[in-house]
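Trainee:
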Amino acid sequence: MKKLKIIFYLFFFISNIIFTSPNVHAKLLPFNLTKKWNSNKLPSLSIILSKVTPSVVNINVQGSTYVSQFRLPQKIQEYLNEKFSLCKEGSPYKNTPICGDNDNILQQKFHSIGSGVIINSKKGLIITNNHVINNADYISVELNNGKIYEAKILGQDPKTDLALIQIKDRTGNLKSVKIANSDTLKVGDYTIAIGNPYGLGESVTSGIISGLGRTGLNIENFENFIQTDAAINKGNSGGALVNLNGDLIGINTAILTPNEGNIGIGFAIPSNTVMNLVNQFIKFGKIERGFLGIYGVELDPQIAKVMKVPNIFKGIFIREVISSKNNILKPGDIIITLNNKKIDSYALLKAKISTLMRGSIIKLGIIRNGTFKIIETQLDNFCDDESSNENSIYGIEGAYLENISLKKRFFIFNKVKKNGVKVIKVIPNSPASIIGLKKDDIIIGINQNNIYNIKDLKKILDTQPSLILLNILRGNKELYLLN
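Each residue of the sequence shown is one higher than the one before, starting from 15 at the first, in the numbering used here.
(1) Helix, strand or coil for A165? Go by DSSP, reduced to three states.
(2) How would you write the range of the beta strand (DSSP E) that N286 sits in, first residue to last?
(3) Quick one: residues in its chain with C-beta nearer than 7 Å to the C-beta of V292, no 5 flanking neighbours on either side, listed in chain order?
(4) Should the region 300 to 307 be called in touch with the region 238 to 253, which here means at least 3 C-beta pairs below 8 Å?
(5) Do the region 314 to 323 and the region 363 to 380 touch if we need at least three Cβ pairs shorter than 8 Å?
(6) Within a Cβ cutoff of 8 Å, which residues of the same chain sit near L63, ignoring the five residues on either side of it in sequence?
(7) May I have the straight-line CA-CA distance separating T287 from G227, to the nearest angstrom?
(8) Near N467, what residues of its chain come up, given a Cβ to Cβ distance below 7 Å and the 5 sequence neighbours on each side ignored?
(9) What distance in whole Å lies between the Cβ atoms of I283 and V155, which are believed to be in contact at a cut-off of 8 Å?
(10) State the Cα-Cα distance for the pair V311 and L493, rounded to the nearest angstrom.
(11) From which residue to which residue does the beta strand (DSSP E) around V323 run?
(12) Give the single residue among F396, L262, G252, K491 whose Cα lies nearest to the Cα of G307.
(13) According to DSSP, which residues form a beta bridge with G310?
(14) Can you grab the Cα-Cα spacing for the pair I263 / R488, in whole Å?
(15) Using beta-carbon positions only, say whether G128 and G252 come within less than 7 Å of one another.
(16) Taking contact to mean 3 or more Cβ pairs, one atom from each stretch, closer than 8 Å, check whether the region 345 to 359 and the region 376 to 389 are in contact.
(17) Quick check: what's the CA-CA separation for K182 versus L255?
(18) Per DSSP, what kind of secondary structure is L18 in: helix, strand or coil?
(19) Let me know the secondary structure DSSP gives V201 once reduced to three states.
(20) Which residue marks the beginning of the alpha helix (DSSP H) containing N144, and which one marks its end?
(21) Roughly how many angstroms lie between the CA atoms of N497 and R333, to the nearest whole one?
(22) Please say whether I449 and I495 have beta carbons closer to each other than 7 Å?
(23) For G384, count neighbouring C-beta atoms within 10 Å of its own C-beta (all shown protein chains included) and say buried if the count is 16 or more, exposed if not.
(24) Using CA atoms only, rank isn't needed, just tell me which of L214, I279, N266 is closest to N144.
(25) Identify every residue that forms a DSSP beta bridge with Q76.
(26) How big is the Cα-Cα spacing for V335 and L343?
(27) In whole angstroms, what is the alpha-carbon distance linking T516 and F281?
(28) First and last residue of the alpha helix (DSSP H) that includes S217?
(29) Name, in chain order, the residues that DSSP records as bridge partners for K436.
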C-alpha cells in the first residue's frame, strides 16, 4: 500500500512539472498549450461548398409500384377452405394470406426521398439515381434556396441506376455544377459528398477515394464505381461527390453495410459515365447502349499457360464472339487495353462499353497468337433493357432471355404464374433448340427450383449440373424439358 502511494505522489509531482514548467513543456510536447490558435487560419471547405451546394437539390417522390402479396400455397388454401370453410364470403380470413390465389399482385403507394445534381441550368436538367424516381407519379425538387418545383422524367437507365429529370415551369436562375474528368482520379484523392440523408436537408461529409473501378457488388447490371469513405446514407442517393475544386466527380448511389448504417464504404458513379449517358438521354430520350458482342473471362494463370502468354499480362480471354456484326475479334483473343487504357476485369469492360453509344468506334489492345496488336471495332446495338445478350448460358446455349416485370405479370400473366424468365429468341440447331425450347416459352423452374429472373437461372446453371430439368410454361400449359 505504501509503494502504491509513493508511485501516485511521484506521478503527480512529475506531471505537475511537465504541465507548469515552460522549459519542460517546450521540450516534451509537440505543440504549445499556451498558444492561442487563430480559428481563421484553420482549413475550411466553406469556400468550395459555396460554389457547389446551390447545384445540389433535394428530391421528393410520390409513386406507386406493383407488389406480390404473400399467400399460402394453393393446395393448402383449398384444404383449409374444404375442412374449415375459412375462405367463404363473409369470413374474416377472406382477405388475409390464408386465402386467395397465388397471383395476388397489388398496386402499392409509396413516398421516397433522395438527392440530385443540376447539370444544365438553362434547361433545368438534373441527374439522379434511377431508384430514387422509379415508378414516380409526382416528383418535386427543392433547391438550395428553399424554392420547390415540380419535375418530370426525361430518361431512365436501370442498368447503371441513373435518371435524368427536368424542372417544370421554373422561375429564377439555376446554377449547374462543373463536371470533372473522372478518368484522372487517383486513390487517395479527397472527396466531398453532398446530399439529403434521411430527409434532414442538405448535409456535407468528406473523405478520400478508397478504390476505383469497383465491380462485383451486385448492385446494378453494369458496375464501375468510385469507392469513398465519405459518409453516404439513405437519402444521399443521387447526390454529388465532388473534388476539392468543387467539381463533380461522381453521383452517389449506394453503401455497403450490414445494418443500413454507414461503415465508411460508399459508392458513386463516375462523372464520365454520367455525362456519356446524359448526352444519350438528351439526344434519344433513352440509352442507345453499345455492345461488344463477346463472352469472356478474366485471364488466369491456367489460361495464360495454355495460350502461351506471359504471366505479367492481365486481361480478358474471349471465349466466344456472339455478335454477327463483330468479325474483327476472334475466340482466343486476349483484350488487355480499351482505348489505350489497361483493362483486366470482364465486368469492368462490360461496364465501360455499356456507357458508349452504339456505333462508337473503340480501340482494343489484344494479344492474338502471342502477338500484340491494336485493332479498331464498331460497337453493336445492345438488346432491350430487360433481356440477356448472352446466348451461351450453360445447358441452354442459343436461347436469348428476358425478365418479366411485376407490372407485365399483373397485366399479362395475372392468372397463370407469378414467376419466370421469357425466351425471346432461339437460334436454330442450338442446344436450346435441340432440347425443345421455343420463342415465348417461360422458364418457371429448374431442377425443382423456382426461377424469378435471369440472375436466378444463371446462378443454378453456372454450377453446370449433370442433369437439367426445365419447368416450362407454354401458353397456358405447363411441361418439362430434359437436358
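Quick reminder that beta carbons are idealized off the backbone N, C-alpha and C, glycines included.
Predicted, not measured: the structure shown is a model, and the values here were computed from it.
Mentor: Well, looking at it:
(1) strand
(2) Looking at the DSSP string, N286 is not in any beta strand (DSSP E); the run it does join, the alpha helix (DSSP H), is 285 to 298.
(3) I133, I141, L178
(4) no
(5) no
(6) I206, I208, V218, G260
(7) 12 Å
(8) Same-chain partners within the cutoff: N417, V435.
(9) Not really, about 20 Å apart at Cβ, beyond 8 Å.
(10) 34 Å
(11) Segment: none, V323 is in no beta strand (DSSP E) and carries neither H nor E.
(12) Nearest C-alpha to G307: F396.
(13) I332
(14) 49 Å
(15) yes
(16) yes
(17) 25 Å
(18) Only weak support exists for where L18 lies, its pLDDT of 47 falling under 50; the coordinates are left without a value.
(19) coil
(20) 144 to 147
(21) 23 Å
(22) Sequence check: residue 495 is Leu here, not Ile. Closer than 7 Å, so yes.
(23) exposed
(24) N266
(25) According to DSSP, which records beta bridges pairwise, Q76 is partnered with H125, Y152.
(26) 7 Å
(27) Because residue 516 is not part of the residues shown, which for the chain are 15 to 497, the question remains open.
(28) First-last for S217: 217 to 228, but that is the beta strand (DSSP E), not the alpha helix (DSSP H).
(29) E416, I456
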